[in-house]
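This report refers to the structure that appears directly beneath it.
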């Protein structure tokens, strides 16, 4: 190789490196204000999650991890839950509820005591009933992963009531992680890749589908992205497992908050309810708890439609009313 070609190659490589460093500095110093959804999810993956040894679970929280994400403090306990320390042993004469779910249950962008999990706990306490409501929500879980985690370890908490909080994207297939999937180091890569993906979906470029079509495809058995059959199998396993141990399973259906009226996923709502009915599981649709409000009032930020404090307040009240109406808010010695 001639000296001229070598020099040119070095100049090009140095230029690319400098541009990459400049973009990284720009994103970290100018763009990252602690409220950018994609960057905060990236930090969540780096600082709070790890790849699970069980491929059925996929990923999990790091025990005792802490972080500041989407404007709120996040603290994970030794059992990998966003909750205070709670032992497997039951408190005598108490009610124990565990909630399975994804980032909506986890409480993305919501202070811990304002999540619908902890609001429900406080509402039960106000009736004079001693209760623990355990938050087993993990961001980016689907139903199959939630069930796998519960059957692996969560069941050791012996809840009286297990609430399976379902969301429209829970029919996604379980991802497979390589060792570095959760450990990428470039904020610029995450930020710009996300922007390109959003633009591609809006313009319908390549294989990218609009968000509502993408979600509907998850329930279409002819679609290669559909994981609905896995959802049906997972919920059936959970129902059988819990029934044998005297744990009641409640299925709630959390709404997609980007559009409430008309709701774009009526067929999928019906499918989830039919699954619960087929397995003889009580079912609560949470769309009526919030559909009197404009969607944007319920979002964590104007660009992040995760449920905010107001939405979680509505969800907690609806779940509380459902349980109270069925005389389920009573102390028990289940599992002792």
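Numbering (UniProt numbering), first residue to last: 1 to 336.
From the three backbone atoms N, C-alpha and C, an ideal C-beta is built for every residue, glycine too.
The model shown is predicted, which means the values in this text are computed figures rather than measured ones.
Straight-line measurement puts the Cα of residue 124 at about 9 Å from the Cα of residue 95. Annotated as distal: residue 325 and residue 289, with beta-carbon spacing of 9 Å or more. In this structure, DSSP gives residue 110 a state outside helix and strand, which the three-state scheme calls coil. The count of Cβ pairs closer than 8 Å, one atom from the segment 145 to 153 and one from the segment 39 to 59, reaches three, so the stretches are in contact. Pairing residue 137 with residue 6, the inter-Cα distance amounts to about 54 Å.
In the DSSP assignment, the residues bridged to residue 96 are 132.
Annotated as distal: residue 301 and residue 160, with beta-carbon spacing of 9 Å or more. In the structure shown, residue 305 falls within a strand segment according to DSSP collapsed to helix, strand and coil. Along the segment 136 to 186, the beta strand (DSSP E) occurs as fully enclosed runs of 3 or more residues at 161 to 166, listed in sequence order.
Under the Cβ criterion (8 Å, minimum of three pairs), the segment 105 to 118 counts as touching the segment 57 to 77.
Between residue 252 and residue 143, the alpha-carbon positions lie close to 12 Å from each other. When the beta-carbon positions are compared, residue 140 and residue 103 come within less than 9 Å of each other. Residue 264 is positioned such that its CB atom lies no closer than 9 Å to that of residue 322. Beta bridge pairing from DSSP links residue 49 with 61. The beta carbon of residue 37 lies closer than 6 Å to those of 304 in the same chain, with the five residues before and after it left out. Excluding the 5 residues flanking it on each side, residue 261 has same chain C-beta neighbours closer than 7 Å at 291, in chain order. Between residue 135 and residue 82 the beta-carbon gap is near 5 Å, inside 8 Å, which marks them as a contact. If only complete runs of 4 or more residues are kept, the segment 222 to 310 shows the alpha helix (DSSP H) at 228 to 244, 266 to 278, in order along the chain. Residue 311 counts as buried, since at least 16 other C-beta atoms from the protein chains shown sit within 10 angstroms of its C-beta. Residue 266 holds the alpha-carbon nearest to the alpha-carbon of residue 216 among 235, 266, 244, 176. In this structure, DSSP gives residue 126 a state outside helix and strand, which the three-state scheme calls coil. In this structure, the alpha-carbon of residue 127 lies about 34 Å from that of residue 62. Per the C-alpha coordinates, the member of 258, 162, 15, 20 positioned closest to residue 243 is 162. Close CB contacts of residue 105 within its chain, under the 6 Å cut and outside five residues either way in sequence, are with 99, 137, 165 (chain order). Bounds of the alpha helix (DSSP H) holding residue 215 are 211 to 217.
Distances from the CA of residue 171 to each of 177, 230, 293 were compared; the closest alpha carbon is that of 230. Excluding its 5 nearest sequence neighbours in each direction, residue 236 has C-beta neighbours in its own chain below 7 Å: 279, listed in chain order. DSSP, reduced to helix, strand and coil, places residue 38 within a helical segment of the structure shown.
In this structure, residue 307 sits near residue 254, with a CB-CB distance shorter than 9 Å.
For residue 328, the CB contacts under 7 Å within the same chain, skipping 5 residues up- and downstream, are 161 in chain order.
Close CB contacts of residue 65 within its chain, under the 6 Å cut and outside five residues either way in sequence, are with 48, 76 (chain order). Shown here for residue 284: same chain residues with a beta carbon closer than 6 Å to its own, the five before and five after excluded, namely 252, 322 in chain order.
For the 9 Å CB-CB criterion, residue 227 and residue 174 form a contact.
In chain order, 100 place their CB closer than 6 Å to the CB of residue 146, counting only its own chain and leaving out the 5 sequence neighbours on each side. Under the three-state reduction of DSSP, residue 73 is assigned to strand.
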